[in-house]
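Numbering follows our numbering, in which position 236 of the sequence shown is assigned residue number 498; successive positions increment by one, without gaps. Where is the CB? At the ideal position from N, CA and C, for every residue including glycine. Predicted, not measured: the structure shown is a model, and the values here were computed from it. Data first, discussion second: the structure below is written as structure tokens.
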Amino acid sequence: MEHRDPPDRDIADVLAARLSQISTQLDYARHELELLRREAHATGPAPATAALPASGAPSTADTRSPHPAATPWWARDATLGRVLATAGTAITLIGVALLLVLAIQSGLLGPAGRVVAGAILASGLLGLALWRSRRDEVNAGIVALAATGVAGLYLDIVAATALYELVPVVVGLAIAFAVASAGSQLAVAWDSRWLVHMVVLGGAALAPFVAGGITPAVAAFLVALMAATFPAQRSRQWPWLMASRVGPPVLALVIGMHSPGSQPGLSIAWQAVALSAILLVLAVGTGFVLLREAGRAYHGAAMLGIAAAALPLLLARELLAAGPYAVVCVASGAVLLAVAALAPGIRGGPRMLIGGIGVLAGILAITSWVPGGRADVVVLGAGCAVLLGWSRSRDAVAGAGGALLLVAGTALLGATASQGLLVSSSVASERASMLIVAAGALLVVAAALVASAVGVPVLLRLLATGAVLYGSMVAIVALGVLVVGGRTGFVAGHALVTVLWMAVAITLLIVGARRNAVLAAGVVMAAATVVKLMMFDLAALDGIYRVLAFLLVGVLLLLAGTRIARPRASQPDPA
């Protein structure tokens with residue numbers, strides 16, 4: 263009789279087979295998940311699939327196609343969409359400008375009709391952007407539609423006010439400010455820097471074209487655009503927005519002041535100056551807000567914006583007489599120096615930039631207002647005062663400002679005062695004055711403060727030493743001509759300069775025996791003295807003064823050689 267397994271054993275065998283299949287499938291799934299995880303983190307193609315240990319499992323050979331090549335940046339949907347949308351914004355805004363201006367040539371509509379048509383078109387584009395933003399996710403196309411609408415409305419108001427004079431200037435500025443503010447708030451809500459950039463740059467680029475040129479009214483609209491977009495910059499802290507906001511009004515004012523053939527009347531000149539002052543005040547006020555609220559990475563952009571906003575006032579010389587221009591420069595310089603001193607958290611380059619422009623404003627004021635070309639005395643006097651403060655505080659702004667004053671004063675002295683004075687006795691007799699003597703003496707003091715300071719780089723110390731030599735020569739030669747008179751005073755002055763140079767050089771060589779910087783200054787002065795003696799004094803001097811110059815310099819060199827070599831006399835001869 264045939265023996266049969268009990269039914270329970272059959273069921274157990276079936277369950278065991280099923281569990282084995284499930285285990286195999288789980289191993290396969292785990293292996294596939296591991297492959298997917300590796301592919302997600304790997305930079306190259308995924309490794310081939312290893313064979314599974316269990317029999318009957320599906321084939322593990324990786325038959326999937328390799329990863330497709332990465333799409334170039336210029337072929338990505340986001341990039342293409344943004345480029346196309348930006349181009350569409352620019353072209354549409356140009357079309358709006360053509361509608362507002364060039365339609366005059368064909369007599370299409372009247373001024374009011376053109377303004378109304380432009381407003382309808384711009385409002386329609388803005389409304390379409392808002393409607394689409396409620397239905398779809400905000401993308402480059404929606405942003406471009408909104409930017410075109412806002413900038414179009416802004417340009418429409420510019421045309422109605424500055425070109426057609428349908429709206430009073432104050433009312434037009436208020437409406438343009440409101441439109442630009444709404445656009446900047448929309449950019450904040452959508453977190454789109456492209457929106458506010460396109461509104462600002464599009465409106466600023468086409469406003470002069472729409473208004474028929476760069477006029478004070480156009481500059482006023484650009485200043486209003488700058489102020490209206492500040493909330494967006496404050497909320498999002500987009501650094502490049504500072505350049506977009508401040509650049510257009512600065513360029514408009516500077517170009518308007520210096521356009522070829524323009525001779526603005528007194529009223530227009532003061533309008534431009536007033537707008538430039540408002541621009542600087544806005545830049546300083548908003549810049550201080552950003553400096554207090556933004557991070558350190560944003561400080562440079564804020565300070566550069568303030569520096570750029572000061573340029574129109576400093577470049578307004580052609581619009582104003584000497585006295586008013588000097589007052590404008592003094593006020594601008596005081597504001598910039600106050601910013602450099604009081605700006606919170608500012609150090610290094612940005613602070614020195616603002617302080618340097620403030621000092622430059624003072625130099626421009628002096629050179630435009632001081633009569634008789636004696637600006638060098640005032641500039642060098644200011645340089646002495648600033649460098650004296652720097653020698654005590656070592657403030658970076660004071661050092662940069664003092665150096666700038668020193669360079670400017672030296673250039674002014676060489677260009678307007680001492681030209682020909684040092685090489686011709688006849689010119690020296692005509693130009694010599696106590697003001698030149700004072701300027702040379704101030705240059706010596708200012709340069710000596712730099713040359714004698716601790717921690718000054720060697721190159722800067724040598725340049726300051728050269729300034730000391732030049733200033734002393736100017737002062738002594740001019741003083742010799744004034745005291746003795748004629749060629750005799752000229753020759754005596756040069757002889758005295760040569761002897762004094764060598765005396766100071768030897769003093770530096772002896773005192774600075776253990777200080778390389780002082781020693782280098784002494785070597786430079788001694789070399790310069792010998793060169794002057796052999797190249798200039800030998801030919802230009804005559805009589806007893808040439809003899810005295812050579813004898814005294816020779817004796818000083820002998821004494822110096824003896825004094826400096828004495829501590830080393832006990833050392834063996836290296837030969």
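Within 10 angstroms of the beta-carbon of alanine 673 lie fewer than 16 other beta-carbons, which makes it exposed. Between the C-alpha atoms of alanine 767 and valine 648 there is a straight-line separation of about 26 Å.
Spatial neighbours of alanine 422 in its own chain (CB-CB distance under 6 Å, excluding positions within 5 residues in sequence) are listed in chain order as Val377, Leu428, Val429. Here alanine 790 has Leu731, Trp763 as same chain residues with Cβ atoms under 7 Å from its own Cβ, once five neighbours each way along the sequence are excluded. Under the DSSP assignment, tyrosine 416 falls in the alpha helix (DSSP H) whose first and last residues are 402–420. Residue range 501–519 is occupied by the alpha helix (DSSP H) that includes methionine 519. By the Cβ neighbour-count rule, valine 543 is exposed, with fewer than 16 other Cβ atoms within 10 Å of its own. Per DSSP, reduced to three states, the secondary structure at glycine 702 is helical.
Isoleucine 382 sits exposed, since fewer than 16 C-beta atoms from the chains shown fall within 10 Å of its C-beta.
Burial check for isoleucine 806: the Cβ neighbour count within 10 Å stays below 16, so the residue is exposed.
Leucine 803 sits close to alanine 811, with the two beta carbons spaced by under 8 Å. Each of Ser734, Arg507, Ala593 was checked against the Cα of histidine 459, and the nearest Cα belongs to Arg507. With fewer than three CB-CB distances shorter than 8 Å, the region 703–716 does not count as touching the region 745–758.
For valine 480, the uninterrupted alpha helix (DSSP H) segment begins and ends at 478–490. For the options Leu711, Val590, Ala374, Ala391, the alpha carbon positioned closest to that of arginine 656 is the one of Leu711. Taking 8 Å as the upper bound for CB-CB distance, valine 601 and valine 546 are in contact here, some 6 Å apart. Between valine 420 and alanine 442, the beta carbon gap of about 11 Å keeps them out of contact (Cβ cut-off 8 Å). In the three-state reduction of the DSSP assignment, alanine 578 falls in the coil class, being assigned neither a helical nor a strand state. For threonine 727 against methionine 787, the beta-carbon gap comes to about 6 Å, under 8 Å, which counts as contact.
Listed in chain order, the non-local C-beta contacts of phenylalanine 492 below 6 Å within the same chain comprise Thr548, local neighbours out to five positions each way being set aside.
In this structure, the alpha-carbon of proline 478 lies about 21 Å from that of proline 373.
The C-alpha of leucine 417 is placed about 6 Å away from the C-alpha of alanine 469. Nearest neighbour of leucine 697 by Cα position, chosen from Leu598, Ala489, Val716, Val640, turns out to be Val640.
Non-local C-beta neighbours of alanine 409 in its own chain, meaning closer than 6 Å and more than five positions away in sequence, comprise Thr351, Leu457, Met460, Val461, ordered along the chain. Measuring C-alpha to C-alpha distances from serine 687 to each of Gly661, Val753, Leu724, Arg579 identifies Val753 as the nearest. Pairing alanine 449 with methionine 504 gives a Cβ-Cβ distance that is not under 8 Å.
Shown here, arginine 749 sits in a helix according to DSSP, grouped into three states.
Pairing glycine 620 with glycine 595 gives a Cβ-Cβ distance under 8 Å. DSSP, reduced to helix, strand and coil, places serine 653 within a helical segment of the structure shown.
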